[in-house]
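A.B. asks:
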Amino acid sequence: MRLRPLLVAGFLALAATGRAGASDFVTDEQGRTFRVKFDPGSELRLGMLGGLQQDGGARSIDPVIVTGLGYRAQPSGGMKHEQVRWQLDHRVLWGQVRPWAGTVEGVPRLDATLYSGVYLRHTDEPFLMLPSNPPRRMFFPFDVGVEAEGGRVRVTPSVDGASERVRVGAARAAVLLDPLRSGEPGNSLFLAVGPRYDIDVQGTPTITAGSVVHRVAPFTDVSAGWRWQDRDGLTSLSWRGGWFPHWASRGGWQTSAFETCLGLDRVLVAVNDTPVHAVLDAGYSRYPGTDSSATLEEGRVLAGLRVGWQLKGSRPGAGDGRKMHIN
Amino acid sequence: MPPSLRRIAWAGSLLLVALPAQAQDRASSSARSDGKPRLDWSKDVWCVTDAQGREFRVQEERLEDGSVRLLVAPNEEASGKPLDRVAACKRSNDWASTLRIDPARVPRVSAIAEAPPGWHRDHQGRVFQVSFDLRRRFLVGAGWQPSMRPDQGEQELDRAFVEMGLEASWLNPDQRMRHTIRAAEGHVTFDDLRVDGTLFSYEMVRSSTAPMLRFTTFFGEPQRYDTRMDMGFGLRVLHVQHRPHGADDRVDVEMGEAHAAWYPWHSADLFDHVRITAGAMGGGQYGTTGNGPTAYYAGPKAGIDAFFNLDRDGFHYVDAGVAGALPIVVDGDQRGTTRRRASVEAGYEVIFLAINDQPLSLRLKAGLDWRDDLPDEVPRLEGNVFTGMRFSFWAPARDRTPLVPAFTQRAMDDVGRF
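As they're listed, the protein sequences go chains L and Z. Mapping of the first sequence onto numbering that gives the first Met the number 0: residues 0 to 326, in sequence order. Mapping of the second sequence onto numbering that gives the first Met the number 0: residues 0 to 417, in sequence order.
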């Protein structure tokens, strides 16, 4: 019987001194294990924001629901100094829904993307090979990558007599150059250029009497972006801005298309190891109209909370962290 | 050593121990018994007999300065009656050598024999209970119960009541559960005869070791805060109200009730608590003049209640509760009609006397009860005040032993599995 208190004391001492190390979990002096590192790139997110939104000439403050499933994979390979580390960010059903801001044919106002991905390739010693004779190797000061997006849908109900619009971003792709070359997850500064193809359906007063507009940007979609997150994944910041001159089936060449967004994300508290984030989101876009509709300007400044159910996480061991301390 | 010599040596050493102690006892007999040291119930006690054949209870006491002294208490009451409720003592002629002391050199102090936890022994050696657990008792009580009906401007001040009830509540530390049963609990008021009673009820609460919600904060060093979701459940069988709110020709019989309970707070022994309940009930209202069943009902109910023992020894108790129910008529002309009930009450009980270790307590309770499931001529709102005395049987000493803290329990479980 006297052995048990000794075992308990020894166990508690082990648990208290045992830090989770490289794992995402730590153990406090009471032997309780909890998560302190998160991966904002790999989570199922759901939240609600509120704030000021401007749609054309109308302003509103109706709430916004944010959704999305993200997954970040980081495969790597190669020898020392020539190691290649990929950062593959996948996002599914990523966007914002405004259920109380009107509908188009029963579909609420939304801006959501079926799939988008950023695939960034980092090497410790990037280089260019010139096919001269003999071939020459030159230092190349960028990480390179590819961005792809398909199935972006923006539903815009009529506001103050303006057109109802459904804009479908059928496909978008870009080549990325990252001069920051951090190699750290969630940290990059990129310049991108690529093609995009959008289909707009718009009509006044309703979309049922609308027309279809095809918009093609032949490698004229130019954008830049920066994203940063701390090592523990508690705070992240992102900015993106893009200009995409394009040809439209109605109206010809359009050069006023522009969009930018800024996001700040901070974990406030974790409930059962699931982080609750404070979110600040701001954005502005200018989207050209046609010969029968005006240019659409949209802006937003939103703040709120969201939950990020983590899809990954390195525990102290395969099972309960406290047991691993004993081992 | 031959037995005869050993007996002589034993008697001599006991004489050295007992006589001065007895002299000191006499000398200090006028002093308050509280000034005397007391034998510790949890430590070994030796029963030794002096040369005159008198038996004493002896206990070694180690003082804070490292010195040792012997506490010596008579093994009988001043009246010569054997001591009640003493610990089993050891008997050995070699007690001094077992304790590794020299009785001739160790100071001896006259003391009062030990008493079990929750009991007190006076300087005459009489023992009596000084701690009570009023959640383990059979009670009978009586008192004055004025009643008010504010919506009709009526009040009845000439009413009295008698009550009874059995309650047993016990803690199971291994399962981290407290079980409470109540039976044959109720009161009768007169001369405006009414009855309110419950045949049987049961409550269970479990203190979980795993937190329901764990909060981690990230301002500065990450910190974890656990919130436990200690749940329980309860049921009640046959709750009868004869002439509720003074309604003539009416008996409300709640056949059964069951509820889940969440304990947002409870004491370490699950005795005091704040509880939120939600459940359902079913029963019927009957006419008492042969008209047969009037209506059966079933519906949800919910409530919040609290119970606190305010002092260490279980003398002061406070309870309060708010409850509501929505009985839905399930037969007859009014089938589907939803009725409403609501009540609020608060009470206090204090023990002021004990007779043969059975506590006599003062009970104060006030409550408001509102319901619209009675005939229209019956007032919906009624206030009652209970002022009376209760005599409780059984009511053992209050055991405040807490449960093992949750994280320690988890660690012990882990070690056990390991």
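Glycine included, C-beta positions come from ideal geometry on N, C-alpha and C. If you're wondering where the values come from, they're calculated on a predicted model, not measured in any experiment.
With 8 Å as the threshold, decide whether the Cβ of Z:L212 is near any Cβ in chain L.
C.D. replies: Counting from 1 along the second sequence, the entry for residue 212 of chain Z is found at position 213. By this cut-off, Z:L212 is an interface position.
A.B. asks: For L:P274, which residues in the same chain have their Cβ closer than 6 Å to its Cβ, ignoring the five residues on either side in sequence?
C.D. replies: For the purposes of this step, residue 274 of chain L is taken as the residue at position 275 of the first sequence. Excluding residues within five positions, the ones whose Cβ falls inside 6 Å are F37, V266, G307.
A.B. asks: Any contact of the region 269–289 of chain Z with the region 107–114 of chain Z, i.e. 3+ C-beta pairs under 8 Å?
C.D. replies: no
A.B. asks: Find the nearest neighbour of L:I64 within the set L:Q309, L:L310, L:R305, judged by alpha-carbon distance.
C.D. replies: Along the first sequence, read from residue 1 onward, the residue named residue 64 of chain L stands at position 65. Per the Cα distances, L:R305.
A.B. asks: Leaving aside the five residues before and after Z:A257 along the sequence, list all residues of the same chain whose C-beta is less than 6 Å from its C-beta, in chain order.
C.D. replies: Position 258 of the second sequence, counted from the first residue, corresponds to residue 257 of chain Z. Counting only Cβ-Cβ distances below 6 Å, and skipping sequence neighbours, we find L234, G278.
A.B. asks: Give a yes or no on contact between the region 376–390 of chain Z and the region 123–141 of chain Z, applying the rule of three or more CB pairs nearer than 8 Å.
C.D. replies: yes
A.B. asks: Output, in chain order, the set of chain L residues within a Cβ distance shorter than 7 Å of Z:T216.
C.D. replies: By one-based count along the second sequence, residue 216 of chain Z stands at place 217. Correct list: V268.
A.B. asks: Keeping to the same chain, check which residues put their C-beta closer than 6 Å to that of Z:G164; ignore five residues upstream and five downstream.
C.D. replies: What you label residue 164 of chain Z is simply residue 165 of the second sequence in a count that begins at 1. Taken in chain order, the residues that qualify are L138, E184.
A.B. asks: Can you look up Z:I100 in the DSSP assignment and give me helix, strand or coil?
C.D. replies: Within the second sequence, the letter at position 101 stands for residue 100 of chain Z. Residue state, collapsed to three classes: coil.
A.B. asks: Can you find a C-beta in chain L that's less than 8 Å from the C-beta of Z:T400?
C.D. replies: By one-based count along the second sequence, residue 400 of chain Z stands at place 401. No, its Cβ sits nowhere closer than 8 Å to a Cβ of chain L.
A.B. asks: Measure the C-alpha to C-alpha separation of L:E163 and L:A72 and round it to an integer number of angstroms.
C.D. replies: For this step, residue 163 of chain L is matched to residue 164 along the first sequence. For this step, residue 72 of chain L is matched to residue 73 along the first sequence. Approximately 39 Å, taken between the alpha carbons.
A.B. asks: With a threshold of 8 Å between beta-carbons, can L:G20 be considered close to chain Z, or not?
C.D. replies: For the purposes of this step, residue 20 of chain L is taken as residue 21 along the first sequence, with counting starting at 1. Because the pLDDT at L:G20 is just 40, under 50, the model does not fix this residue reliably, and the point stays unresolved.
A.B. asks: What ranges does the beta strand (DSSP E) occupy inside the region 296–342 of chain Z, keeping only unbroken runs of at least 3 residues that lie completely in it?
C.D. replies: Runs of the beta strand (DSSP E) lying entirely within the region 296–342 of chain Z and spanning at least 3 residues, in chain order: 315–324.
A.B. asks: Less than 8 Å between CB atoms is the rule here; does L:D272 satisfy it with respect to chain Z?
C.D. replies: Numbered from 1 along the first sequence, position 273 holds the residue referred to as residue 272 of chain L. So, interface residue.
A.B. asks: Spatial neighbours of L:D264 within its chain, please: C-beta separation below 6 Å, excluding the five flanking residues on both sides.
C.D. replies: Looking up residue 264 of chain L in the first sequence gives position 265. Correct list, in chain order: S235, H276, V278.
A.B. asks: Would you report the Cα separation of L:D88 and L:G116, rounded to the nearest angstrom?
C.D. replies: Mapped onto the first sequence, residue 88 of chain L falls at position 89. Mapped onto the first sequence, residue 116 of chain L falls at position 117. When rounded, the distance between both Cα atoms is 5 Å.
A.B. asks: So if I threshold CB-CB distances at 8 Å, which residues from the region 298–311 of chain L count as touching chain Z?
C.D. replies: Within the region 298–311 of chain L, no residue has its Cβ closer than 8 Å to any Cβ of chain Z.
A.B. asks: Within its chain, find whatever has a CB closer than 6 Å to the CB of L:G312; leave out the 5 residues flanking it on each side and keep chain order.
C.D. replies: The residue labelled residue 312 of chain L in the question sits at position 313 within the first sequence. Same-chain partners within the cutoff: D23.
A.B. asks: For Z:H119, does the three-state DSSP call read helix, strand or coil?
C.D. replies: Walking along the second sequence from the start, residue 119 of chain Z turns up at place 120. Three-state DSSP puts Z:H119 in a strand.
A.B. asks: Which residue marks the beginning of the beta strand (DSSP E) containing L:G168, and which one marks its end?
C.D. replies: Your numbering for residue 168 of chain L matches position 169 in the first sequence. That run of the beta strand (DSSP E) goes 163–177.
A.B. asks: According to DSSP, which residues form a beta bridge with Z:E113?
C.D. replies: Sequence index remark: in the second sequence, residue 113 of chain Z carries index 114 (1-based). Per DSSP, none; premise fails for Z:E113.
A.B. asks: Who are the near neighbours of L:Y283 in its chain, counting only those whose CB is closer than 6 Å to its CB and skipping five residues on each side?
C.D. replies: For the purposes of this step, residue 283 of chain L is taken as the residue at position 284 of the first sequence. Once the five neighbours on either side are set aside, the close Cβ partners of L:Y283 are T259, G298.
A.B. asks: Is the region 350–364 of chain Z close to the region 332–339 of chain Z, with three or more CB pairs under 8 Å?
C.D. replies: Between the region 350–364 of chain Z and the region 332–339 of chain Z there are fewer than three inter-stretch CB-CB distances shorter than 8 Å, so the stretches are not counted as touching.
A.B. asks: Does Z:P374 have its Cβ less than 8 Å from a Cβ in chain L?
C.D. replies: Stepping through the second sequence from its first residue, residue 374 of chain Z is reached at position 375. Not an interface residue.
A.B. asks: Under 7 Å Cβ to Cβ from Z:R84, same chain only, skipping five residues before and after it: list those, please.
C.D. replies: Locating residue 84 of chain Z in the second sequence gives position 85, counting from the first residue. Cβ neighbours of Z:R84 beyond the five flanking positions: A114, P115, W118, V126.
A.B. asks: For a cutoff of 8 Å on Cβ pairs, would you count Z:P221 as touching chain L?
C.D. replies: Walking along the second sequence from the start, residue 221 of chain Z turns up at place 222. Yes, Z:P221 lies at the interface with chain L (some Cβ there is under 8 Å from its Cβ).
A.B. asks: Have a look at Z:K80 and Z:T287 and give me their C-alpha separation to the nearest angstrom.
C.D. replies: Position 81 of the second sequence, counted from the start, is the residue given in the question as residue 80 of chain Z. Position 288 of the second sequence, counted from the start, is the residue given in the question as residue 287 of chain Z. Taking the straight line joining both Cα atoms gives about 58 Å.
A.B. asks: Sort Z:L367, Z:P404, Z:D375, Z:V403 by Cα distance to Z:S146 and report the nearest one.
C.D. replies: Your numbering for residue 146 of chain Z matches position 147 in the second sequence. A check of alpha carbon separations from Z:S146 across Z:L367, Z:P404, Z:D375, Z:V403 identifies Z:L367 as the nearest.
A.B. asks: Can you list, in chain order, the residues of its chain whose CB lies under 7 Å from that of L:L188, leaving out five sequence neighbours each side?
C.D. replies: Translated into the one-based positions of the first sequence, residue 188 of chain L becomes position 189. Excluding residues within five positions, the ones whose Cβ falls inside 7 Å are D177, P178, L179, W225.
A.B. asks: Mind checking Z:Q128: buried by the 16 CB within 10 Å criterion, or exposed?
C.D. replies: The residue given as residue 128 of chain Z occupies position 129 in the second sequence. It is buried - the Cβ of Z:Q128 has at least 16 other Cβ atoms within 10 Å.
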